[in-house]
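Before any comments, here is the structure.
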Amino acid sequence: MPELSRRSALTAAAVLATSAGTLSAVVPASAAGHHDSPGTFDEVYKGRRIQGRPATGSGHHAHHGAGYAVFVDGVELHVMRNADGSWISVVSHYDPVTTPRAAARAAVDELQGAPLLPFPAN
Numbered sequence: 181m182p183e184l185s186r187r188s189a190l191t192a193a194a195v196l197a198t199s200a201g202t203l204s205a206v207v208p209a210s211a212a213g214h215h216d217s218p219g220t221f222d223e224v225y226k227g228r229r230i231q232g233r234p235a236t237g238s239g240h241h242a243h244h245g246a247g248y249a250v251f252v253d254g255v256e257l258h259v260m261r262n263a264d265g266s267w268i269s270v271v272s273h274y275d276p277v278t279t280p281r282a283a284a285r286a287a288v289d290e291l292q293g294a295p296l297l298p299f300p301a302n
């Protein structure tokens with residue numbers, strides 16, 4: 181009897197999951213609905229005004245698929261949504277959070293009163 185390789189086992193499992201219609205059970209719930217855009221927010225957090233809203237148009241946001249704009253004191257905070265549904269920013273890139281609001285708050289915490297400088301996006 182031939183030895184079962186890892187690739188063969190994974191292929192067989194994927195075929196079975198797809199044919200049984202259980203692929204959605206394998207995908208985490210947070211990743212399944214990751215295209216839902218969060219609502220808007222506008223608040224003062226630790227003396228800094230943070231805002232967020234769905235982005236429209238075909239700018240830098242559409243390129244990364246985030247479709248969401250976040251601002252700290254009127255300066256855009258570049259945010260990106262990860263495949264698992266978490267959010268990161270250029271200020272707190274290695275600390276994913278659950279919402280763009282949390283990303284803005286984390287950026288304010290990290291800035292410690294320093295101004296946010298515009299991020300030159302190409």
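Heads up: the sequence shown begins at 181 in this note's numbering, then just goes up one per residue.
Using N, Cα and C, we set each Cβ at its ideal position, and we do this for glycine too.
All values reported here derive from a predicted model rather than from experimental measurement.
DSSP bridge partner residues for residue i (one or two, in chain order)
| i | result |
| --- | --- |
| residue 234 | 248 |
| residue 222 | 231 |
| residue 281 | Answer by DSSP bridge pairing: none, since residue 281 is not bridged. |
| residue 255 | 252 |
| residue 269 | 259 |
Residue from the options with nearest C-alpha to residue i
| i | options | result |
| --- | --- | --- |
| residue 249 | 264, 262, 265 and 230 | 230 |
| residue 171 | 280, 222 and 221 | Nothing about residue 171 can be reported from this structure: the residues present for the chain run from 181 to 302 only. |
| residue 222 | 275, 295, 267 and 284 | 284 |
| residue 233 | 254, 298 and 294 | 254 |
| residue 228 | 293, 265 and 298 | 293 |
| residue 225 | 278, 297, 298 and 282 | 282 |
Distance CB(residue i)-CB(residue j) smaller than 8 Å
| i | j | result |
| --- | --- | --- |
| residue 219 | residue 235 | no |
| residue 272 | residue 256 | no |
| residue 286 | residue 275 | yes |
Rounded Cβ spacing between residue i and residue j (contact assumed at less than 8 Å)
| i | j | result |
| --- | --- | --- |
| residue 288 | residue 259 | That pair is no contact at about 13 Å. |
Contact with chain D by residue i, beta-carbon distance below 8 Å
| i | result |
| --- | --- |
| residue 219 | Protein chains in the displayed structure number just one, and chain D is not present. |
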